[in-house]
Amino acid sequence: MSATKTSAAPRDPGIDKIPLALIPLVALVALPLIPSLPTWVTLTVAGLAMGMMIFIMASGLTLVFGLMDVMNFAHGAFITIGAFVATSVLIPLARWSDADSLWMNLAAMLPAILAAMAVAGALGWFFERVIIKPVYGQHLKQILITMGGLIVAEQLIHVIWGPDIIALPKPMTLRGSFILGDIAIGKYRIAAVVVGLAVFAAMFLVLNRTRVGLLIRAGVEDGEMVEALGYRIRRVFIGVFIAGSALAGLGGVMWALYQETVSSAMGMQVMILIFIVIIIGGLGSVGGCFIGALLVGLVANYVGFLAPKVALGSNILLMVLILLWRPQGLYPVAKR
Amino acid sequence: MSLVQRALSGDYPRSRVLAVALLLILVGLALAPFVFPGTRSLNVAAKVCVFILLVASYDLLLGYTGIVSFAHTMFFGIGAYGIAIAATKLGPTWGSLALGCVAALLCSVVLSLVIGLLSLRVKTIFFAMITLAVASFFSILASQLSDFTGGEDGLTFKLPVSLAPGTKLLETAVFGVEINGKVLSYYIVFFGALFLFLALLRIVNSPFGRVLQAIRENDFRAEAIGYRGVVYRSVANCLSALAATAAGILYAIWLRYAGPDTTLSLDIMIDILLMVVIGGMGTMYGAAIGATLFIIAQNYLQDLMKLGTDAAAGIPLLPNLIHPDRWLLWLGILFILSVYYFPTGIVGRLRGVK
């Protein structure tokens, strides 16, 4: 890598820190508005947890867009499928997940999560090969085709799992809250934050410290050039697509456990939040997606507490404000 | 002949089968109260009229301008709610209906301009995502502001007396059908939809419409000749929103009801997408064919599928696949296939064989 030093490239300006400062800023602005400190802590943790879950679901989508210029409107279907597969695994294992033992809970959760990620990843592979491949580079058709895929996938879920909403209780260990003085923090929320941070850290390391990550980043900047250097960018594409779909499956499981219900419409409901997050972050930027997700989670929780009526609109308002400030999102990806 | 030419703006069906099909639809809808007098079939006919207009207005956006919007049902809903709110708050008079119309149309123009200016400068995908977010926000808003919009239940309202089903307009029955307020409101819907459909046909065949198609095919080149893409796209977006609002107004007049499920839901947006793509994008007539087929299928195909389900009872999974509620599955597959293999839909196919 030292060979590249010869060119007189401008120095890397480092990370743009202003968007990073937005998260503590939002939290601090909310502090005086919310009557008591414990409530504020609870809401902040809830917001961060929600943000982390949205990030897990959105990160794959934004990376796929950055790399392949494909916006997959059927991403929501992977989320739903993940949740349903996990439900199918967890229901026979209900005795384990209801047991008051961390290890038995883990023994139920791990296969459920792995199955969800595997099925969602496999579906992603199928989708890339069959549905999206013929329409690379044609945005209009991509949107239409992936919408069609979403319709078919949603209907197939109905065929396999039936149209009813299924209840999905959290594993015993993650029910209830920790109480610290006056502050109550849901255990599941802590778990969500931990998993989210782990996914972000893993993604960050892979993208910035490995050879594959280097190829992916180079592919986002200029795919043709990477191909000219002799790498098969298509393989990277497929890998990223599968990984992104698997993450959507994971996110689906987490979201379903958070809501404690699974329904075939959940994917589409979350998709709207995911789109908002991706637009806020800058189409194609993983870092922007992370910050966007946390912002959306925090704002949704604060506003939900202060003015429940406008809570759902607050995300749109946040998006509009960010777009007025930076029309390309927080971290614009260079070529777009 | 010149009358027909002027009415169709010189854009003929260009296929004998298509011309016959369109004529059948036109005559069928024009005579619906006499030929299909039942309540259910008249409802289907009115819904077909409204959706032909709605889908045609969406075609102006998707087929002719090449932009995907998910906010079309929002404008449809604005129209329906405009009438509904005006009629409930101000009483069932013609004046309040007119006020509701004007308010709804104004609201749509402003909203579509704002959305367009915020997002039409950039890519197709960006516009699609923004409209999806805004539309979902709007439908949440409609169900939250329940004092104003009736929330999830929607608004049932009264129309002026002459449109009420109980009002006899003629002393004698015509061809055995009583001419009452219901028939009159059907004809308001029919002629409103017909007139606006022909107006849309006029728009896409005008020089303005040609520019839209040029932008769709190659916006860089169109820009180079001197047409400003943003301006043309925004105007197309506004026109399409206006037509959708008008469709909403007509639908509300017919149903005497406006609610989130009949106008604002994402399901209807998906129906519109299916209709326009299966009928044929960028042809206008495709809207008529697509909407008619879709709504007839929606209302009658399910009965057929129910027979199939009963026949297949006992075989695993198969009854689920052809369950009446699963008809969207097959339409979805048809949709994907038509985007791949015949992007100009049924109309394009028919024109191809001649």
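Protein sequence lines correspond, in order, to chains A and B.
Residue 292 in the working numbering sits at position 292 of the first sequence, and the numbers go up by one each step.
Residues are numbered in the working numbering as their position in the second sequence, beginning at 1, plus a constant of 1000.
Every residue gets a Cβ at the ideal spot worked out from N, C-alpha and C, and that includes glycine.
Small disclaimer: the values here were computed from a predicted structure and weren't measured.
Answer yes or no: do A:I165 and A:S263 have a C-beta to C-beta separation smaller than 7 angstroms? In this structure, the beta-carbon distance from A:I165 to A:S263 falls below 7 angstroms.
The region 56-74 of chain A contacting the region 268-281 of chain A, beta-carbon criterion three pairs below 8 angstroms: yes
Buried or exposed, going by whether 16 or more other CB atoms sit within 10 Å of the CB of B:T1039? exposed
Taking three-plus beta-carbon pairs below 8 angstroms as touching, is the region 312-325 of chain A in contact with the region 1262-1269 of chain B? no
Check the Cβ-Cβ distances between B:R1326 and every residue of chain A, and say whether any is below 7 angstroms. Under the Cβ distance rule, B:R1326 counts among the residues neighbouring chain A, one pair being separated by less than 7 angstroms.
Residue-level contact to chain B via CB, A:V262, 7 angstroms cutoff: no
Specify, as a first and last residue, the run of the alpha helix (DSSP H) that B:F1148 falls within. S1146 to T1149
Give a yes or no on whether the minimum CB-CB distance between B:K1354 and chain A is below 7 angstroms. Note that B:K1354 has pLDDT 47, beneath the 50 cutoff, so the model's placement of it is unreliable and the number below is only indicative. B:K1354 does not count as touching chain A.
Please confirm if A:H75 has its CB atom under 7 angstroms from at least one CB of chain B. no
Kindly give me the distance between the Cβ atoms of A:A246 and A:A120, rounded to whole angstroms, as I take these residues to be in contact under 8 angstroms. 5 angstroms
Nearest to A:S177 by alpha carbon, out of A:H139, A:L330, A:A167 and A:I190? A:I190
Run through chain A and tell me which residues come within less than 8 angstroms of B:L1111, C-beta to C-beta. Under the 8 angstroms cutoff, chain A gives no residues; its nearest Cβ is about 13 angstroms from B:L1111.
Assign A:V85 to one of two classes, buried (16 or more other C-beta atoms within 10 Å of its C-beta) or exposed (fewer than that). A residue is called buried once 16 or more other Cβ atoms fall within 10 Å of its Cβ, and A:V85 is buried on that count.
Looking at the structure shown, is A:F73 part of a helix, part of a strand, or coil, going by DSSP? Here A:F73 sits in coil by DSSP.
Residues in the same chain with beta-carbon distance under 6 angstroms from B:V1017, minus the five sequence neighbours each way, listed in chain order, please. If the five residues before and after B:V1017 are omitted, its C-beta is found closer than 6 angstroms to the C-beta atoms of L1350, all from its own chain and listed in chain order.
Where B:K1047 falls, given that 16 or more other Cβ within 10 Å makes a residue buried: buried
Determine the direct distance from the alpha carbon of A:I279 to that of A:E316, and round the result to whole angstroms. Note on identity: in this sequence residue 316 of chain A is Ile, with Glu being the wrong assignment. Those two C-alpha atoms are separated by around 11 angstroms.
At a CB distance below 9 angstroms, what residues from the region 139-170 of chain A approach chain B? Give them in sequence order. H139, L140, K141, Q142, I143, L144, I145, M147, G148, G149, L150, I151, V152, A153, E154, Q155, L156, H158, V159, I160, G162 and P163
Please state the DSSP three-state secondary structure of B:I1179. coil
Sorted by chain position, which residues of the same chain lie with C-beta nearer than 8 angstroms to A:A3's C-beta, five sequence neighbours on each side aside? Per-residue confidence for A:A3 stands at a pLDDT of 43, beneath the threshold of 50, marking its modelled position as unreliable; the derived number appears in the next sentence. Cβ neighbours of A:A3 beyond the five flanking positions: none.
Neighbour-count burial assignment, B:L1145, 16 or more Cβ in a 10 Å radius: exposed
Spatial neighbours of A:V240 within its chain, please: CB distance less than 7 angstroms, with the 5 preceding and 5 following residues excluded, ordered by chain position. L63, V64, L67 and I216
I'd like to know if B:M1129 contacts chain A, where contact means its C-beta is closer than 7 angstroms to some C-beta of that chain. yes
Looking at the structure shown, is B:T1167 part of a helix, part of a strand, or coil, going by DSSP? coil
As assigned by DSSP and simplified to three states, the class of A:M1: Confidence in A:M1 is poor, its pLDDT being 39 and thus under 50, which makes the residue's placement unreliable; the coordinate value appears in the next sentence. Note: A:M1 maps to coil in three-state DSSP.
Contacts around B:K1168, its chain only, beta-carbon distance under 6 angstroms, and the 5 residues preceding and following it disregarded: N1180
DSSP puts B:L1155 in a beta bridge; with which residues? B:A1258
Below-7 angstroms beta-carbon distance, A:K309 vs any chain B residue: yes
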